[in-house]
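Asks:
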Amino acid sequence: MKFAFQFSNLLGSVYRKGNIIFTPDGNSVISPVGNRVSIFDLKSNKSTTLPVETKVNITCTAISPDGCTAIVVTEEGEGLLVSLISHSVLGIHHFHNEVHQVKFSPDGRKFAVTRDTVVQVFHAPGKTRDFNPFVLYRTFPGHVDAAISIDWTSDSRVLCTGSKDRRTRVVATERLTNLNVYDLGGLRDTVVGAFFDYNSLDVICVAQDGYVFVWKCDTALKDLKPWESKDEAEEAEEDQEANATKKKRKLKKIQDKEEEADSKVMYNPGGKYTYRGLRKDPSYSELTCTAFHKSSHILVSGFADGTFFLHEMPAFSMIHSLSISEQSVDSIAINNTGDWIAIGCGKLGQLLVWEWQSESYVLKQQGHFNDMTCVTYSPDGQNIVTGGGDGKVKVWNSMSGFCFVTFSEHAGEITGVKVTQNGKSVLSSSLDGTVRAFDLTRYRNYKTFTSPKPDQFSCLAVDGAGEIVCAGGTNEFMIYVWTMKTGRLLQTLAGHEGPVSALDFSQSDGTLASGSWDKTVRLWSIYEEGGKRETIELNSDVMTLTFRPDGKELAVGTLNAHITFWDSSSAQQKGTIEGRHDLGYYRKETDKISGKTSAEGKSFETLCYSADGECILAAGRSKNVCIYSVQDQLLMKKFVISCNHSLDGMEEFLDRRKMTEWGSLSLVDTGQGDDGKAIALPGVKKGDHSSRFWKPEVRVYSLHFSPTGRSWVACSTEGLLVYSLDQSIVFDPFELEMEITPANVRATLMQGDYSAALMLSFRLNEQNLILEVLESIPADSAPNIIENLSDTYVDKLLAFTGHMIEVSAHIEFYLLWLLPLLMTHGPKLKQRSQQVMASLRTLQRNMSRKYEDLRKISDHNKYTCQYLLALTKLKRKREAAEKSDNETDSETEELPWHHVDSSEDSMDMT
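Okay, structure coming up:
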């Protein structure tokens with residue numbers, strides 16, 4: 001079992017706060033999600049999350065015009081230079097103040113930052129030969145309140161800034177003869193956005209109260225003159241001429257003033273426009289964000305009530321208006337062509353990309369409103385199903401990272417989700433007292449299971465055949481058993497004296513295990529009459545339990561942070577792991593006790609076996625995910641899911657920098673002292689919304705290992721974190737000897753000993769070498785080589801070919817290897833199904849994906865050919881019709897002349 005799992009993607013959270021931007025090519029959207037950055041590729045329909053983490057949440061981002069680098073700035077004013085090619089941090093700079101916006105100049109040589117009341121212009125990284133990537137060029141003060149918006153002219157020489165002091169300043173970043181600084185006022189509220197018009201110095205100012213000012217400039221952008229310095233000889237000559245006579249001096253001053261007045265840039269208000277008179281709702285709504293596309297003159301504005309408007313400037317004619325939600329629109333962006341508009345809503349965690357010309361959505365993604373509570377994989381590993389506190393069940397594609405269906409029939413928090421073994425149905429339990437079955441083919445709720453008495457279901461289990469559904473209650477302490485075919489309640493299992501906290505089915509004999517807060521685990525044989533059971537007494541409340549994939553071992557997590565392992569057939573204990581120290585010591589900011597003391601009440605709340613059953617994952621109210629070896633009962637590796645200090649529970653000790661003479665700063669912010677601090681109620685997950693300051697607590701709600709064994713997911717406060725195994729960076733040889741080298745393997749291959757070369761490459765276990773050897777062997781030699789392979793090399797060949805079908809273009813070649821492999825060793829593989837289950841499911845997933853891709857291509861080609869043939873036939877028919885029409889026209893034209901001739905001949909004959 002390898003433990004080189006690395007963070008690969010973040011699902012379930014598409015937008016939190018900050019500004020969203022398009023890439024320079026306009027095909028991708030960059031969205032800040034907490035302390036990470038996600039990139040949504042709209043062309044290939046795929047999302048990726050950069051492996052770069054900041055200390056706190058990200059508030060603003062900017063991307064260079066070449067699309068190679070990006071700058072992200074956090075809440076604390078720390079700026080990171082990130083490479084979008086290598087996905088690494090190239091430099092760090094602290095601005096020491098809150099930054100509202102960062103923007104690169106169009107030529108890519110500079111970027112501007114709003115730092116408190118000043119605007120700082122830096123040299124763009126890589127454009128100057130300096131060791132420090134953040135080199136300050138100039139600082140422009142002048143605002144009396146925070147500057148929040150920036151825009152550049154198309155030639156990158158002039159900058160305009162909007163501020164909370166209701167003013168817009170036009171500043172020349174270079175020394176110009178006829179422009180220095182202009183101060184534009186007139187607005188009655190904060191300037192949310194200030195923009196230059198296309199290739200012009202005209203300024204469009206948008207205020208928070210919905211008013212728009214258009215300032216016209218009487219000087220063209222190309223007429224701005226650079227500063228020309230004079231030498232000493234010219235200055236001396238001018239001084240001699242000026243001192244010649246007083247009359248000449250006065251006349252020269254008057255003439256210079258007139259010339260200066262003629263060449264000076266002047267701004268005149270082009271008119272005042274307002275959104276209020278155009279809104280259907282007469283009530284006032286605050287404008288929150290705006291964006292302007294210069295070439296098409298389109299102004300997009302978002303409001304606090306969830307509406308946004310499109311206007312054509314400067315005439316201010318409305319193009320379109322749309323309401324996307326009831327929550328505030330926090331960020332808006334337009335791509336380079338002006339066709340797509342990206343909209344972000346932080347409270348809903350929603351990201352939309354809307355094509356305004358066709359009035360259709362290019363992208364529509366939304367995470368769970370509250371935290372995710374449960375997660376599971378589909379049997380083939382293609383889909384991930386999540387349930388949240390908002391009562392929604394979402395199905396995500398594990399490859400693209402997008403949610404393609406959402407079920408919102410539940411009215412309460414989702415407590416458990418399961419996928420049937422055939423992968424066609426999803427079942428979910430909820431605190432609303434129902435268990436619902438959803439069809440993944442038609443995307444509808446086709447069955448609903450309820451209890452005789454209203455009860456809240458806290459856990460869910462489905463047997464291997466997908467015919468029996470079980471749910472545990474928290475009020476009646478019962479376990480309800482239904483049949484999937486009819487939806488009828490078969491039996492009610494009683495015996496627990498506390499709320500049922502966990503359920504799971506054994507895949508070997510169908511035994512149902514249930515854990516409860518009454519410190520017992522009960523094993524039920526529900527297929528037998530009477531439901532025989534066996535009780536396992538524990539020393540603490542049961543929080544979670546799970547069976548090993550082969551169903552012969554049961555792992556139980558209890559409130560005292562212990563993990564105990566039991567033989568499912570004999571109910572004998574096999575081992576114990578004490579994990580309190582592995583969870584770590586962390587305290588909340590409002591806690592009055594140390595992290596070590598607060599850890600007494602923390603435990604593992606979710607367990608999951610690996611695909612081969614050799615290891616177990618455990619997590620709970622902590623930022624750590626622990627992987628234990630079941631056989632050795634030792635900690636193998638610990639993963640830290642987040643380093644975001646915007647979450648609560650990240651620090652073990654009290655930060656002295658946050659201490660004041662009245663106590664902790666977090667307690668002062670809530671408006672209460674140390675003695676009057678309200679204690680958080682047990683079970684509260686979203687915090688006290690009446691408090692002034694609240695931070696969500698970092699925790700892991702659920703874990704699940706992929707059936708393919710190459711990845712696992714963690715359902716956390718940050719979202720759905722996906723950790724995958726990259727074998728290309730891991731050197732893990734098998735039975736390696738001194739003589740086994742790449743040179744010897746290639747020499748054996750050149751001699752024609754294909755079987756020996758293949759086995760030697762597997763023993764060296766380098767993917768590139770295995771690929772080279774396998775693709776050098778003729779495909780017609782595959783049956784003879786496979787027939788003589790041992791089980792060890794059969795398993796390795798099966799895993800390698802299953803992986804290569806996903807990434808290789810030589811699909812037929814690998815299918816010619818797979819067919820004799822499965823035909824020859826099929827019976828043995830069936831006997832060792834548990835050992836090779838991960839490889840078989842990887843093969844099934846990749847084969848089904850390739851089949852779907854090829855089927856779509858084939859259908860597209862087939863329908864294209866049919867269309868072209870139909871066009872050809874239609875063209876031929878039209879040509880034939882035109883030809884026949886021409887022939888008939890020629891006949892009718894020639895016919896009267898013949899009649900005349902014949903009549904004349906007949907008259908002559910008479």
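All residue numbers for the sequence shown refer to UniProt numbering, where the first residue is 1 and numbers rise by one. Each residue gets a CB set at the ideal place from its N, CA and C atoms; glycine is no exception.
#1: Using the rule of at least 16 other Cβ atoms within 10 Å of the residue's Cβ for burial, across every protein chain shown, is N886 buried or exposed?
#2: Shortest alpha-carbon distance to Y585 belongs to which of A571, Q844, V362, A561?
#3: E174 to M636, Cα distance in whole Å?
#4: By the 10 Å Cβ neighbour count, where 16 or more other Cβ atoms means buried, how is V72 classified, buried or exposed?
#5: Would you list the one or two residues that DSSP bridges to Y15?
#6: For A461 and chain B, any beta-carbon pair shorter than 8 Å?
#7: Looking at the unbroken beta strand (DSSP E) that takes in S378, where does it start and where does it end?
#8: Indicate whether L554 and A513 have their beta-carbon atoms separated by less than 8 Å.
#9: To which residues of the same chain is C615 closer than 7 Å at the C-beta, ignoring the five residues directly before and after it?
#10: Beta-carbon within less than 7 Å of residue 928's beta-carbon, same chain only, minus the 5 sequence neighbours each way: which residues are those?
#11: Within the same chain, show all residues whose beta-carbon is closer than 8 Å to that of F813, passing over the 5 residues directly before and after it, in chain order.
#12: Determine the direct distance from the alpha carbon of S508 to that of Y480, and round the result to whole angstroms.
#13: Would you decide whether F131 is buried or exposed? Buried here means 16 or more other CB atoms lie within 10 Å of its CB.
#14: Taking only three categories from DSSP, how would you classify W817?
#15: Checking 8 Å against the spacing of the C-beta atoms, do F604 and G579 come in under that value?
#16: For R832, which residues in the same chain have their Cβ closer than 6 Å to its Cβ, ignoring the five residues on either side in sequence?
#17: For the alpha helix (DSSP H) holding A304, just list the boundary residues, first then last.
#18: May I have the straight-line CA-CA distance separating V170 from I593, to the nearest angstrom?
#19: What is the residue span of the alpha helix (DSSP H) that N397 lies within?
#20: How long is the line joining the alpha carbons of G649 and K588, rounded to whole angstroms?
#21: Note down the Cα distance separating Y723 from F5, rounded to an integer number of angstroms.
#22: D223: buried (16+ other C-beta within 10 angstroms of its C-beta) or exposed?
#23: From the DSSP secondary-structure annotation, give me the bridge partner or partners of Q208.
#24: Output the distance between the C-alpha atoms of V375 and S706, rounded to the nearest integer angstrom.
#25: Could you check the C-alpha separation between T576 and T564 for me, to the nearest Å?
#26: Span of the alpha helix (DSSP H) holding H810?
#27: Going by beta carbon distance, what residues of the same chain come within less than 7 Å of D145, once the five residues before and after it are set aside?
#28: Figure out for me which residue from N57, F122, M750, R157 has the closest Cα to the Cα of P106.
#29: Does S839 come out as helix, strand or coil in the three-state DSSP assignment?
#30: Taking Cβ to Cβ, would you say S458 is nearer than 8 Å to T486?
#31: For G18, count neighbouring C-beta atoms within 10 Å of its own C-beta (all shown protein chains included) and say buried if the count is 16 or more, exposed if not.
#32: When DSSP labels each residue in this structure, what does F800 get in the three-state scheme?
#33: Quick check on the DSSP output: what are the complete beta strand (DSSP E) runs of length 3 or more inside the segment 700-730, in order along the chain?
#34: Would F292 and F407 be called neighbours here (beta carbons separated by less than 8 Å)?
#35: Can you say whether I20 is buried or exposed, counting buried as having 16 or more other CB atoms within 10 angstroms of its CB?
#36: Use the C-beta contact count for K225: other C-beta atoms within 10 angstroms, 16 or more gives buried, fewer gives exposed.
Replies: Once the coordinates are examined:
#1: exposed
#2: A561
#3: E174 and M636: Cα-Cα distance of roughly 59 Å.
#4: buried
#5: According to DSSP, which records beta bridges pairwise, Y15 is partnered with nothing at all.
#6: Given the protein chain composition of this structure (a single chain), no chain B is represented.
#7: Counting along the chain, S378 falls outside any beta strand (DSSP E), and DSSP gives it neither H nor E.
#8: yes
#9: M1, I627, Y628, S629, V630, M636
#10: The chain is shown from 1 up to 910; residue 928 falls before or after that span and cannot be answered.
#11: E775, A779
#12: Cα atoms of Y480 and S508: separation of roughly 22 Å, rounded to the nearest angstrom.
#13: exposed
#14: helix
#15: Closer than 8 Å, so yes.
#16: none
#17: Element bounds for A304: n/a, residue is neither H nor E.
#18: 53 Å
#19: For N397, there is no enclosing alpha helix (DSSP H); the residue is found in the beta strand (DSSP E) stretching over 393-397.
#20: 5 Å
#21: 6 Å
#22: exposed
#23: Its beta-bridge partners do not exist; DSSP assigns none.
#24: 11 Å
#25: 4 Å
#26: Premise fails: H810 is in no alpha helix (DSSP H) and is neither H nor E.
#27: T117, S163, K164, D165
#28: The alpha carbon of P106 has as its nearest neighbour, out of N57, F122, M750, R157, the alpha carbon of R157.
#29: helix
#30: Contact: no.
#31: buried
#32: In this structure, DSSP gives F800 a helical state, which the three-state scheme calls helix.
#33: 700-705, 711-716, 720-725
#34: No, they are not a contact pair.
#35: So I20 counts as buried.
#36: exposed
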